[in-house]
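These protein sequence lines map, in sequence, to chains B and L. The first sequence maps to residues 110 to 499 in my numbering. The second sequence maps to residues 985 to 1159 in my numbering. Yeah, the Cβ is synthetic: ideal placement off N, Cα and C, and Gly gets one too.
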Amino acid sequence: MNPETVFTFTCPVKTNSGNKALENLPIELSGLNAGKPLIVTSIGKVGRNAIRTLTGAFGDSGMTLGVFDGLPDKVDPALIEQLRTTIIEGKYDSVISLGGGTIVDSAKILNLAVSLKTTDVRSLSAQTPVNRNLLPLVVVLTANATGLETSQQATLNGTVLSSEYLAPVLVVIDPRLTRGKEGKIIYATGLAALGRALEAHIGAGKNPFREAYSFAAIRFIRENLPAAVRNPDDKKTTLAVLNAAAMSGCAFSGTDASPLHKLGQVFQEVYNIHPGIIMGMCLPHILGDYLHQGGHDLSSLLQPLTGDDDFTQTPEDQRAGATVSVLNRFMADLYSVLGKDVPQTLKEPGVPRYVMEDILDVLDADPDGVYLRAVVGRIWDKTPVAEKKG
Amino acid sequence: MGLVDVVRAGRKPFKRAYVAVFLWFTGRAIQAAAKVDEQVRREFDSLPDDFTFSLGVLPDGPWMLIGKDKGRVKYLGGNPGGRRIYIRLAMKNIETAFLILSFRESTALATARNRLITEGEVPHALAMIRVMDIVEVYLLPKMIARLAIKRYPSWTPGRKVFGRIGIYTRVLLGI
C-alpha cells in the first residue's frame, strides 16, 4: 500500500460489544439527544425473548419505548408509511432495529422517510439525495445478520440506496442475543461476513483503513466460525462472528459491489434465502476464477486466513494458490460439521425453475451478468465441495 | 391498541437497593478511613480544601458524596445540593453498578471496558480510586477484595486488624 495514494474512508458506526452492552443503550441514546426510541423488529425472526431482553435493558432508565414487532420479510412501503406517521404523532426521536438483514433495511428506509419527510416511500430511489443527518438509528444485532446492517446501504425492493447518512450511528452486539438456535444460522451469517470481507480486502481502491476492518473480520471468522457452527449456543464465538459481520459491513461500505455480494443479494430479494448460504456456495468458484484470471491480490488473504506463521512460511509466489486451498478446506470443514443442514448446491434447496428464471433476469441486467449467470450455472448442481475434500 | 406497543421501562428495585446500601456504607467507611488510616489521610491532604467527590449511577442515582470541610473528610449523603463537584465517577447504568459493586468486575477492568465516566481532573480521580481501594481492603475479606482491586497490598497484620476494627466501629456509629 502506497501511503501517498489518495483515498476516502468513512465509518460513522460506533460499536458497543460484549457483556451487558445492551444496558448502555439509555446513556448512548441520551448522548445522541434521544429519549424516546421506537424499536422495530420481527417477532418471527428474533423471538419474544430477544425483544424482552432488549426492553429489559432499559430498566431504571425512566424511558418510554415504542415496540413494533411485525416487520415482514421484505421492506413493505405501505407499512413504512404507517410507521412514519406513528413516529411523528408519537414524538419518537430515534429508531432501534432489533435483528439483521431486511429488518435493518426496513429501519433504514423508515428513518429516511421520517427524516426526509417523504410521504410516498415508493418515491425513494437511488437518486434520492441523502446529504444530511437522519434520526439516530441504532442496530442491535442478532444471530441472523448479513453484515450489511452496518453498511451505508439500504435495499428497498431491489433498489439500492447508498449514503453515509444511512449507516447506523450505533451497533450493539450483546452475547445474550448473538446465540443461534441452529448452526446453519451462524454459518450463514459468518459466510456473508467472510464473503464481503474477502472482497473488500482484495477489491479495487484498497486503502489501509478498509484493509484493517476486512483483515480483522476475516481473522475473527477463521478463528471462531467453526466453533460457533459446532456450538451455536456458545456466547464467546457467536459474539466474535457477529463482530466480524459488523466489521465486514464497514469494510464493504467503501467497496464497489462485487460478484459475491451481488449474487447473495439477488437470491435474498427474489427467493428470500440468506445471502450467506449463496455466498458460501459461490466463494470457492469465484476465488478459483480470480486465481486463474490474476489481477486480484489473493496472496494478501493468506495472512488473515491462516495466521502469521503459515503466511511467512509460504513462498511469495505460492501464496495466492495457498489461499484458495485454505479456503476450500475451511469450507469443507464447515460443510462436514453441518452435513445436510446446509445446501451446497442450488438444486438442494429446490429453487423452482420459475424463480431461477426471475433470478437470471435480474442478473442479466447487471453489467457482470454473463459471468454471474455462469457462476449460478456452476453452483446449480456442481459436485459439493465437501466431497472433494482430501 | 395502536400499531406500536408503548412500553414503560421497568424498575430494578433489588439492584438499586443493593447499590444504594453499598454506596451509603462505603461513603461512611471513607469518612472513617480518613481518620483511621494514615495513607488515606495523606491522599485527602493533597486534595483542595473544598474538594467534593461523587460516585453513583446514571441516569438518576443512587449517588454518594464525599467532601472536605475545614480539613475534615465527611460523607455528605446522596444529594449534591448545588455543591461544586470536583470529581464525578459515574457508572453508566444500574447493571454496571451491580457488576462492579458485587465484585464480579474490578474497577480497573470496568474502566477498561468503558463502563465508567469520569468527570474532573485525572490526578484527583486516581487519588479517589486509591482511597476506595484501601477502604475495600479494610471492609472486605481478602478473597473478595482481590476481585475488587487491582493488587492486594501487603500490610502488617496490625494495620489491617486495628484499622478494620476502627473503621467498622466508626461506620456503625457514624463518627
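{"Check": "Residue-level contact to chain L via CB, Asp185(B), 8 Å cutoff", "Outcome": "no"}
{"Check": "Separation of Leu987(L) from Thr1153(L), as counted between CA atoms", "Outcome": "59 Å"}
{"Check": "Span of the beta strand (DSSP E) around Thr269(B)", "Outcome": "Reading the sequence as shown, one finds Val at residue 269(B) and not Thr. Start and end: 268-271."}
{"Check": "Buried versus exposed call for Arg992(L) [16 or more other C-beta atoms within 10 Å across all chains shown]", "Outcome": "exposed"}
{"Check": "The region 301-319 of chain B contacting the region 352-364 of chain B, beta-carbon criterion three pairs below 8 Å", "Outcome": "yes"}
{"Check": "Sequence-distant residues of the same chain with beta carbon closer than 6 Å to Lys498(B), five excluded per side", "Outcome": "Because Lys498(B) sits at a pLDDT of 44, beneath the cut-off of 50, its placement in the model cannot be relied upon, and the following sentence gives the value as read from the coordinates. Cβ within range, chain order: Ala441."}
{"Check": "Boundaries of the beta strand (DSSP E) in which Ile1050(L) is found, first to last residue", "Outcome": "1047-1053"}
{"Check": "Given 8 Å, three or more beta-carbon pairs between the region 330-337 of chain B and the region 273-282 of chain B", "Outcome": "no"}
{"Check": "C-beta atoms of Met1048(L) and Leu1007(L) nearer than 8 Å", "Outcome": "yes"}
{"Check": "Short CB-CB distance (under 8 Å) between Glu190(B) and chain L", "Outcome": "no"}
{"Check": "Every unbroken alpha helix (DSSP H) within the region 1049-1089 of chain L, with a cutoff of 4 residues, ordered by chain", "Outcome": "1078-1085"}
{"Check": "Closer than 7 Å: Phe1006(L) CB and nearest the ligand PLP heavy atom", "Outcome": "Looking at this structure, you won't find the ligand PLP or any other ligand, since it has none at all."}
{"Check": "Interface flag, Ile136(B) vs chain L, CB-CB below 8 Å", "Outcome": "yes"}
{"Check": "Residue-chain proximity (Ala993(L), chain B), Cβ-Cβ < 8 Å", "Outcome": "yes"}
{"Check": "Ile196(B) and Leu147(B) closer than 8 Å at C-beta", "Outcome": "yes"}
{"Check": "Counted within 10 angstroms of its Cβ, other Cβ atoms place Gly486(B) as buried (16 or more) or exposed", "Outcome": "exposed"}
{"Check": "Proximity below 8 Å, CB of Leu233(B) to CB of Leu270(B)", "Outcome": "yes"}
{"Check": "Members of the region 1037-1052 of chain L near chain B, C-beta cut-off 7 Å", "Outcome": "Leu1042, Pro1043, Asp1044"}
{"Check": "Trp489(B) beta carbon less than 8 Å from that of Leu443(B)", "Outcome": "no"}
{"Check": "DSSP three-state assignment for Phe118(B), whether helix, strand or coil", "Outcome": "coil"}
{"Check": "Cβ of Ser150(B) within 8 Å of any chain L Cβ", "Outcome": "The amino acid at residue 150(B) is misidentified as Ser; the sequence shows Thr. Output row for Thr150(B): interface = no."}
{"Check": "C-alpha distance - Trp1139(L) paired with Gly1150(L), whole-angstrom precision", "Outcome": "16 Å"}
{"Check": "Three-state secondary structure (DSSP) of Gln236(B)", "Outcome": "coil"}
{"Check": "Close Cβ partners of Leu392(B) (< 8 Å) along its chain, the five nearest in sequence each way excluded", "Outcome": "Leu300, Leu303, Gly304, Leu307, Leu369, Leu436, Met440"}
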